[in-house]
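**Student:** Residues 1 to 217 (the UniProt record's numbering) make up the sequence shown, in order.
Glycine included, C-beta positions come from ideal geometry on N, C-alpha and C.
Computed from a predicted structure; not experimentally measured.
First the structure, then my questions, so here it is.
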Amino acid sequence: MSHPEITVVLADDHPVVRSGLRALLSSTPGVRVVAEAVNGREAIQAAAAYRPTVLLVDLQMPELDGIDATRAVVAVAPSTAVLVLTMFEDDESVFAAVRAGARGYILKGAGPDEILRALRCVAEGGVIFGPSIARRIDALLSPGPDDLPNLPFPQLTEREREVLDLIAAGLANGQICDKLGLAVKTVGNHISSIFAKLQVADRAQAIVRARDAGLGR
Numbered sequence: 001m002s003h004p005e006i007t008v009v010l011a012d013d014h015p016v017v018r019s020g021l022r023a024l025l026s027s028t029p030g031v032r033v034v035a036e037a038v039n040g041r042e043a044i045q046a047a048a049a050y051r052p053t054v055l056l057v058d059l060q061m062p063e064l065d066g067i068d069a070t071r072a073v074v075a076v077a078p079s080t081a082v083l084v085l086t087m088f089e090d091d092e093s094v095f096a097a098v099r100a101g102a103r104g105y106i107l108k109g110a111g112p113d114e115i116l117r118a119l120r121c122v123a124e125g126g127v128i129f130g131p132s133i134a135r136r137i138d139a140l141l142s143p144g145p146d147d148l149p150n151l152p153f154p155q156l157t158e159r160e161r162e163v164l165d166l167i168a169a170g171l172a173n174g175q176i177c178d179k180l181g182l183a184v185k186t187v188g189n190h191i192s193s194i195f196a197k198l199q200v201a202d203r204a205q206a207i208v209r210a211r212d213a214g215l216g217r
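See the structure below:
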């Protein structure tokens, strides 16, 4: 069975980086680069115009950085998955990107196979982090000995835990919206954040984790 074409907007202010990524993606069957951007504003405009499957974006760009661009793209083109490709691996950058709505975060030292794997993952609705980033997130989000040991997934906000509980109970996104009185986009953002914090790739994995912790009953 053939998979849907993955369309990509590349956003990076370094021509050499864009050229390398374009060469990699253009030689990959089922992937097509539809536009390039050299700053955050152009990234937002391209995402709004082309509605790509994936926006592959750097964090440090002129005029508007990758964090603000990610936040805007999630708002104007919610069907576009944002994958951050950057040299920055500090905690502040990682969590700022996740809070802005990025579905993936990998470093520029990643090999071609890792970049393509991450691209396909976010294109299919998953969440992915490079190995060193994933370890950092796990360490930062792991509860300490005094952190509410009886509360499942203390790294989640109260609202995110409510959403996860309803997911585990088998409710679809629309039903969760009705139950909690939230907009579709808001629920989608909560789910993206939940997947990132729990390091799960899809809804099925989230349900298994949640039910193992006693949610969804």
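(1) For THR86, collect the residues of the same chain with a Cβ closer than 6 Å to its Cβ; drop the 5 residues on either side in sequence, then sort them by chain order.
(2) Exposed or buried, what is GLY104 when buried is set at 16 or more other beta-carbons lying within 10 Å of its beta-carbon?
(3) Should GLY40 and LEU64 be called a contact, given that it needs their Cβ atoms to be closer than 7 Å?
(4) Which residue marks the beginning of the alpha helix (DSSP H) containing THR80, and which one marks its end?
(5) Please specify which runs of the alpha helix (DSSP H), each continuous and at least 4 residues long, are wholly inside the UniProt domain "Response regulatory" (7-123), giving them in chain order.
(6) Looking at C-alpha atoms only, which residue of VAL187, ILE67, ARG99, VAL33 is the closest neighbour of THR53?
(7) Residues in its own chain within less than 6 Å of PHE129 by CB, not counting five upstream and five downstream?
(8) In whole angstroms, what separates the C-alpha of THR70 from that of VAL82?
(9) In the DSSP assignment, the alpha helix (DSSP H) including ARG209 goes from what residue to what residue?
(10) Determine, using beta carbons only, whether VAL187 and ILE194 come nearer to each other than 7 Å.
(11) Please state the DSSP three-state secondary structure of PHE129.
(12) Closer than 8 Å by C-beta to HIS3: which residues in its own chain qualify, once you throw out the five before and the five after it? Chain order, please.
(13) Note the first and the last residue of the continuous alpha helix (DSSP H) segment covering LEU164.
(14) With three or more C-beta pairs closer than 8 Å as the rule, is the stretch 148-167 touching the stretch 106-125?
(15) Does LYS197 pass the burial test, meaning 16 or more other C-beta atoms within 10 Å, or should it be called exposed?
(16) MET61 and ASP113 - do their beta-carbons sit closer together than 7 Å?
(17) In angstroms, rounded to a whole number, what distance separates the CA positions of LYS179 and VAL84?
**Tutor:** Let me lay it out:
(1) Against the sequence shown, residue 86 aligns to sequence position 86. Within the same chain, THR86 has close Cβ partners ASP58, LEU59.
(2) Your numbering for residue 104 matches position 104 in the sequence shown. Taking all protein chains shown into account, GLY104 has 16 or more neighbouring C-beta atoms within 10 Å of its C-beta and is therefore buried.
(3) Your numbering for residue 40 matches position 40 in the sequence shown. Your numbering for residue 64 matches position 64 in the sequence shown. A Cβ-Cβ contact shorter than 7 Å links GLY40 with LEU64.
(4) Translated into positions along the sequence shown, residue 80 becomes position 80. Segment: none, THR80 is in no alpha helix (DSSP H) and carries neither H nor E.
(5) Within the UniProt domain "Response regulatory" (7-123), the runs of alpha helix (DSSP H) at least 4 residues long that lie entirely inside it are, in chain order, 15-26, 40-50, 66-76, 91-100, 112-123.
(6) To locate residue 53, count along the sequence shown from 1; it is residue 53. Nearest Cα to THR53 within the set VAL187, ILE67, ARG99, VAL33: VAL33.
(7) Against the sequence shown, residue 129 aligns to sequence position 129. In its chain, beyond the 5 residues on either side, TYR105 have a beta carbon closer than 6 Å to the beta carbon of PHE129.
(8) Position 70 of the sequence shown, counting from 1, holds the residue named residue 70. Position 82 of the sequence shown, counting from 1, holds the residue named residue 82. Spanning the two alpha carbons is a distance of roughly 7 Å.
(9) As a working mapping, residue 209 is identified with position 209 in the sequence shown. For ARG209, the enclosing alpha helix (DSSP H) covers residues 203-212.
(10) The sequence position of residue 187 within the sequence shown is 187, counting from 1. The sequence position of residue 194 within the sequence shown is 194, counting from 1. Contact flag unset, no.
(11) Residue mapping note: residue 129 aligns to position 129 of the sequence shown, counting from 1. Residue state for PHE129 is assigned as strand, using DSSP reduced to three classes.
(12) For this step, residue 3 is matched to residue 3 along the sequence shown. GLY30.
(13) The sequence position of residue 164 within the sequence shown is 164, counting from 1. Its alpha helix (DSSP H) spans residues 158-168.
(14) No: the two stretches stay apart, fewer than three of their Cβ pairs being nearer than 8 Å.
(15) As a working note, residue 197 is residue 197 in the sequence shown. Buried: at least 16 other Cβ atoms inside 10 Å.
(16) Reading the sequence shown from its first residue, position 113 is the one you call residue 113. Reading the sequence shown from its first residue, position 61 is the one you call residue 61. Taking 7 Å as the Cβ cut-off, ASP113 and MET61 do not qualify as a contacting pair.
(17) For the purposes of this step, residue 179 is taken as the residue at position 179 of the sequence shown. For the purposes of this step, residue 84 is taken as the residue at position 84 of the sequence shown. One C-alpha to the other measures close to 33 Å.
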